[in-house]
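J.: Here's a structure for you.
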Amino acid sequence: MNRQHEVVEKSRKQWSSEPAFIASMAAAAVGLGNLWRFPYIMGENGGGAFVVAYLVALVVVVLPIMILEVAAGRLSKGSTVGTYRQVGGFGAVYGWLVVLVTVAITSYYLVITGWTLGYTLDAMRGQLRVFEDFSGGYNSLWFFIVTTLLAALVLARDVSAIEKLSKILMPALVVIVVFLVYEASQTPGWGEAKDFFFQVDWARLWSAQLWGFAFGQAFYTLAIGQGYLATYGSFIPRKTHLPRACITVAGVETGIALLAGWMIFPFVFSFGMEPDQGSALAFETLPRVFEQLPGGGWLAILFFGLFFAAAFTSSLAGLKVVVAAIAEEFRLSNLAAVGLVTGVMLILGSASAFSFTPLEWRIAGEPVLDVIDRVAGGDVIIFSGVTGAALLCWFIPPERIRTVLGTTNRWWEWRIYLVGRYLPLLVVLWIVIMFAVNQAGGSGQ
Numbered sequence: 064m065n066r067q068h069e070v071v072e073k074s075r076k077q078w079s080s081e082p083a084f085i086a087s088m089a090a091a092a093v094g095l096g097n098l099w100r101f102p103y104i105m106g107e108n109g110g111g112a113f114v115v116a117y118l119v120a121l122v123v124v125v126l127p128i129m130i131l132e133v134a135a136g137r138l139s140k141g142s143t144v145g146t147y148r149q150v151g152g153f154g155a156v157y158g159w160l161v162v163l164v165t166v167a168i169t170s171y172y173l174v175i176t177g178w179t180l181g182y183t184l185d186a187m188r189g190q191l192r193v194f195e196d197f198s199g200g201y202n203s204l205w206f207f208i209v210t211t212l213l214a215a216l217v218l219a220r221d222v223s224a225i226e227k228l229s230k231i232l233m234p235a236l237v238v239i240v241v242f243l244v245y246e247a248s249q250t251p252g253w254g255e256a257k258d259f260f261f262q263v264d265w266a267r268l269w270s271a272q273l274w275g276f277a278f279g280q281a282f283y284t285l286a287i288g289q290g291y292l293a294t295y296g297s298f299i300p301r302k303t304h305l306p307r308a309c310i311t312v313a314g315v316e317t318g319i320a321l322l323a324g325w326m327i328f329p330f331v332f333s334f335g336m337e338p339d340q341g342s343a344l345a346f347e348t349l350p351r352v353f354e355q356l357p358g359g360g361w362l363a364i365l366f367f368g369l370f371f372a373a374a375f376t377s378s379l380a381g382l383k384v385v386v387a388a389i390a391e392e393f394r395l396s397n398l399a400a401v402g403l404v405t406g407v408m409l410i411l412g413s414a415s416a417f418s419f420t421p422l423e424w425r426i427a428g429e430p431v432l433d434v435i436d437r438v439a440g441g442d443v444i445i446f447s448g449v450t451g452a453a454l455l456c457w458f459i460p461p462e463r464i465r466t467v468l469g470t471t472n473r474w475w476e477w478r479i480y481l482v483g484r485y486l487p488l489l490v491v492l493w494i495v496i497m498f499a500v501n502q503a504g505g506s507g508q
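Its first residue numbered 64, the sequence shown is counted upward by one per residue in this note's numbering.
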């Protein structure tokens, strides 16, 4: 183990600065989780009520766990498996489970990233199509393969390649999203979108399903329980103030998510569409938007190009988690690990890609991609995040985590351990209460 740790230490490079870490982590956290997933999950779960539940989940529970995972990665200076090995041999087993969850999520994430690449090329040719037309052939498969191979080329280098991409692309993406929000504010659907955001059906907050989606989305977009944070944290510079860096990333993530909703829903209502269309919502709506806007052709190129860039950096983050674990646990070179992981992704991701081709691969009538997203991107990562936080907080003494937080303020340490140690008990209690409420409601009918 000592020899392995020495090899890792010598080969491991760091982010160049705290701002570089923030930009790279924000790029990993934002991506499709906000621009693609947040609007469609919000659309399917009642608008304003979902936003309230999501913000509560983010502030009260998810942010402390985010800081904990980054701190644990910084403490171990190793892969996800190495990070959880700190709590004992069973921790390493859990670390591999996290890697497997990340494999599942990244396999379909690359398919959606391929969609953004395809839409970018269509926009450049002036032939932008709604999703039904785009997915009529085998575009999902071909663009998935191209995207996966491009990611492999970037990962064959080191973290500096991800850092350079993130510094350039993230600010540009924010600018174009803000511009589209302004355009959306000029549409007839703006008023209906405001109602959708701000008129909260408080009765929906008693729905366990709503809270499940809210926590799942918060865990998903901040990459909790997926190994991203521990892996990225292991490259963090010594002087980084972890709570400040994580709050900044969470703030950027939340802002982009809400802006994505304000960008899409006014157009959805303006075109007489329904907000609960599912995973293709953005790809059905935005081509119609750019067709109507003055200069929409150029705007489509800019937007989908940056959309691809954001999705691509998130895909790189997921792949980096898996590559780091494979390379460091099996003592492979980075190039060999990248090649192995790329092959696995090409096989697994094809199932999701085929679900949006003429073959229409399905599980119980649903596209394979949607099923994996709902399961791996919801309940599984909630379980993964809660379990990981409990392991870290019950088996790593607070004083060890304190040494890597980069602050002398004990408040964050208290918040982290309060959530990490007792959240599992609260989750069990909540499940029991919701079950009792639902049973009582059923008996009263």
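Even glycine gets a Cβ: it sits at the ideal position worked out from N, Cα and C.
Mind reading off the beta-carbon distance from T250 to S333? Whole number of angstroms is fine, and I expect it under 8 Å.
T.: About 4 Å separates the two Cβ atoms, so the contact holds.
J.: In the structure shown, what three-state DSSP assignment does I426 receive?
T.: In the structure shown, I426 sits in a strand (DSSP, three-state: E or B).
J.: So what's P251 in DSSP terms, helix, strand or just coil?
T.: Note: P251 maps to coil in three-state DSSP.
J.: Between A167 and I389, is the Cβ-Cβ spacing less than 8 Å?
T.: Cβ atoms of A167 and I389: not closer than 8 Å.
J.: Please go through the same chain and pick out, in chain order, the residues whose beta-carbon is closer than 6 Å to the beta-carbon of L16, but skip the five residues on each side of it.
T.: Given that the chain is displayed from residue 64 to residue 508, the structure contains no residue 16 and the question cannot be resolved.
J.: Suppose you measure from the CA of F371 to the CA of W178; what does that come to, to the nearest Å?
T.: Distance between the alpha carbons of F371 and W178: 8 Å.
J.: Taking the alpha carbon of I410 as the reference point, which residue from A219, L204, T348 and F153 has its own alpha carbon closest?
T.: The shortest Cα separation from I410 among A219, L204, T348 and F153 belongs to L204.
J.: If we call anything under 8 Å between Cβ atoms a contact, is F207 one with A374?
T.: For F207 and A374, no; Cβs fall outside 8 Å.
J.: Give the C-beta separation of Q289 and V384 to the nearest angstrom, bearing in mind that I take them to be a contact with Cβ-Cβ under 8 Å.
T.: Between V384 and Q289 the Cβ distance is about 7 Å, and since that is below 8 Å, they are a contact.
J.: For a test of the three-state rule: what should DSSP assign to L395, helix, strand or coil?
T.: Here L395 sits in coil by DSSP.
J.: With a CB to CB cut of under 7 Å and the five nearest residues on each side skipped, what residues in its chain are close to W457?
T.: Contacts found: R484.
J.: In three-state terms, what does DSSP make of A286?
T.: Of the three classes helix, strand and coil, the one that applies to A286 here is coil, per DSSP.
J.: Quick test of the definition: if touching needs 3 or more C-beta pairs under 8 Å, does the segment 285 to 299 touch the segment 129 to 138?
T.: Short answer: they touch.
J.: Hey, out of L212, G110, V315 and G152, whose CA is closest to F260's CA?
T.: It is G110.
J.: What does the Cβ neighbour count give for E316, buried or exposed, with the cut at 16 atoms within 10 Å?
T.: Counting Cβ neighbours within 10 Å, E316 comes out buried, since at least 16 surround it.
J.: How do the segment 466 to 483 and the segment 296 to 307 stand: do at least 3 beta-carbon pairs fall below 8 Å, yes or no?
T.: Yes, the segment 466 to 483 touches the segment 296 to 307.
J.: Taking W205 as part of the alpha helix (DSSP H), name the residues at either end of that continuous run.
T.: Residues N202 to L218.
J.: Taking the alpha helix (DSSP H) that D185 belongs to, which residues open and close that run?
T.: From DSSP, the alpha helix (DSSP H) with D185 extends over G152 to R188.
J.: Excluding sequence positions up to five away, which residues of its chain have a Cβ less than 7 Å from the Cβ of A10?
T.: A question about residue 10 goes unanswered here, because the residues of the chain that appear run from 64 up to 508.
J.: Is the beta carbon of L95 less than 8 Å from the beta carbon of I175?
T.: Their beta carbons are under 8 Å apart, which means L95 touches I175 by this criterion.
J.: Could you tell me the distance, in whole angstroms, from the CA atom of A499 to the CA atom of V352?
T.: Distance between the alpha carbons of A499 and V352: 46 Å.
J.: Run through DSSP, which three-state label would V352 get?
T.: Reduced to three states, the DSSP call for V352 is helix.
J.: Helix, strand or coil for S198 per DSSP?
T.: Here S198 sits in coil by DSSP.
J.: Whole angstroms are fine: how far does the CA of L216 sit from the CA of K73?
T.: Here K73 scores only 38 on pLDDT, less than 50, and its place in the model is too uncertain to base an answer on.
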